[in-house]
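Protein chains in written order, with our numbering: chain A, 23 to 114; chain B, 14 to 209. Heads up: the structure comes next, in structure tokens.
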């Protein structure tokens, strides 16, 4: 067997796996999108100027909802999914 | 105190549901269906959210529509979202086995897209709401190709990712919605005064 072939195979498998990286990144990227949105359109966050606003305006603030979705995904969905990806890779 | 939320607020709440759904579907597309379904609750997530969105569309149809056409459109979305969710639920449970049942998602997207386009009677630049109706309608009609691709090639990541990203884009468009607001500097005088 050619050692060059073996070396190339090792290099190929040594690359960081893409799938876990994407799963890990989805939540933080969503949180970042919400934060960037709130910087560019601060008037969409009614907590910053609550005078005269109704209860729904204070409860439903789109940039904060995006941040919340990203956080929930990162904390509740991604960890278990990464464990299952590892288990699946180990089983192969 | 006003207890009934404005239409734009309801749209933002639905956008949040669609964003969560899109992220989960995107994660499933990345890791593959086999890994995603290793935990039962994850397998039921997409059917449950689709069915739940359909259920929540019924009160929207009753309380937040101001014309018969508007109500019919929202009711059609409710029915077909529930149909798509129920079929996915049956597929996950093993009650249905053929991959061609995925085409009910295409049907749901097509009906939803057509309902958007039919019930929006104003042109694209009439107001932001009108623009979003047209954009969402054509987006959903175009997205019907993704469940079709999933049925033909169930293991292809492209079709799954495209389907997932459709919901992310739908969420983004719904977050842009305001009851009365200009679009690209255009707002018809007939639309009324813009809301801050």
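All C-beta atoms, glycine included, are put in the ideal place defined by N, C-alpha and C.
- From the listed residues B:83, B:68, B:151, the smallest Cα separation to residue 127 of chain B is found for B:151.
- Taken through DSSP and simplified to helix, strand or coil, residue 22 of chain B comes out as helix.
- One alpha carbon belongs to residue 188 of chain B, the other to residue 97 of chain A, and they sit about 23 Å apart.
- Here the alpha carbons of residue 193 of chain B and residue 40 of chain A stand approximately 43 Å from one another.
- At a cut-off of 8 Å, the C-beta of residue 73 of chain B has no neighbouring C-beta in chain A.
- The beta carbon of residue 82 of chain A sits closer than 8 Å to some beta carbon of chain B.
- Three or more beta-carbon pairs separated by less than 8 Å link the segment 130 to 149 of chain B to the segment 81 to 90 of chain B, which places the two stretches in contact.
- Counting only the Cα atoms, residue 139 of chain B lies some 11 Å from residue 147 of chain B.
- Considering only beta carbons, no part of the segment 141 to 158 of chain B lies closer than 9 Å to chain A.
- For residue 93 of chain A, the closest of A:68, A:48, A:42 by C-alpha to C-alpha distance is A:48.
- Within the segment 45 to 69 of chain A, 45, 48, 52 place their CB atoms closer than 7 Å to a CB of chain B, listed in sequence order.
- For the segment 116 to 135 of chain B, there are no residues whose beta carbon sits under 9 Å from a beta carbon of chain A.
- Spatial neighbours of residue 93 of chain B in its own chain (CB-CB distance under 7 Å, excluding positions within 5 residues in sequence) are listed in chain order as 120, 121, 124, 125.
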